[in-house]
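This report concerns only the one structure given below.
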Amino acid sequence: MQLNSYLMFNGNCETAFKFYEQCLGGKITMMMTHKEAPSAENVSPEWQDKIMHACLELDDRLLMGSDCPPGYFETPQGFYVQISVPQIAEAERLFHALAENGKVKMAIAQTFWSSRFGMLTDRFGTPWMINCEETI
Numbered sequence: 001m002q003l004n005s006y007l008m009f010n011g012n013c014e015t016a017f018k019f020y021e022q023c024l025g026g027k028i029t030m031m032m033t034h035k036e037a038p039s040a041e042n043v044s045p046e047w048q049d050k051i052m053h054a055c056l057e058l059d060d061r062l063l064m065g066s067d068c069p070p071g072y073f074e075t076p077q078g079f080y081v082q083i084s085v086p087q088i089a090e091a092e093r094l095f096h097a098l099a100e101n102g103k104v105k106m107a108i109a110q111t112f113w114s115s116r117f118g119m120l121t122d123r124f125g126t127p128w129m130i131n132c133e134e135t136i
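Residue numbers for the sequence shown follow full-length UniProt numbering, beginning at 1 and rising by one.
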């Protein structure tokens, strides 16, 4: 079994995934618009260029997402996408990159369980936890 995150966006999935690709160092392997899908005739003209499905490969994991149809988007709540990295410098880099123009919920710092841990919501509304497993 493999468990992956699937994020829903309010029309800015393409921008978010290009940012995540740059920030997280993965590779976008699929980004299909609604007009490229077999059901394109059922989608309004203003929504044709929005993303039906995107996939970002990150080592052996996938981050997937799409734009919600108009009227269906809900602000994410009750979860965080969690990233664990082995080095402090990488944890801090990821945290600050994702936090840019977003909202820090818990500044990245040493905790009793981790050499670095922080929580934020990025500029696209996605909540993240960054954890570093490196021992000091």
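From the three backbone atoms N, C-alpha and C, an ideal C-beta is built for every residue, glycine too.
Contact check, residue i vs residue j, beta carbons under 8 Å
| i | j | result |
| --- | --- | --- |
| Tyr20 | Leu62 | no |
Contacts around residue i, its chain only, beta-carbon distance under 7 Å, and the 5 residues preceding and following it disregarded
| i | result |
| --- | --- |
| Thr75 | Gly125 |
Backbone CA spacing between residue i and residue j [nearest angstrom]
| i | j | result |
| --- | --- | --- |
| Lys105 | Glu14 | 25 Å |
| Thr121 | Pro69 | 22 Å |
| Ala91 | Ile130 | 6 Å |
| Leu94 | Tyr6 | 19 Å |
Rounded distance between the beta-carbons of residue j and residue i, thought under 8 Å
| i | j | result |
| --- | --- | --- |
| Phe17 | Leu56 | 6 Å |
| Tyr80 | Met119 | 7 Å |
Same chain only: Cβ atoms within 8 Å of residue i, ignoring 5 sequence neighbours per side
| i | result |
| --- | --- |
| Glu133 | Ser84, Val85, Pro86, Ser114 and Ser115 |
| Asp49 | Thr33, His34 and Lys35 |
Coil, strand or helix - residue i by DSSP
| i | result |
| --- | --- |
| Phe112 | coil |
| Leu3 | coil |
| Gln48 | coil |
| Phe19 | helix |
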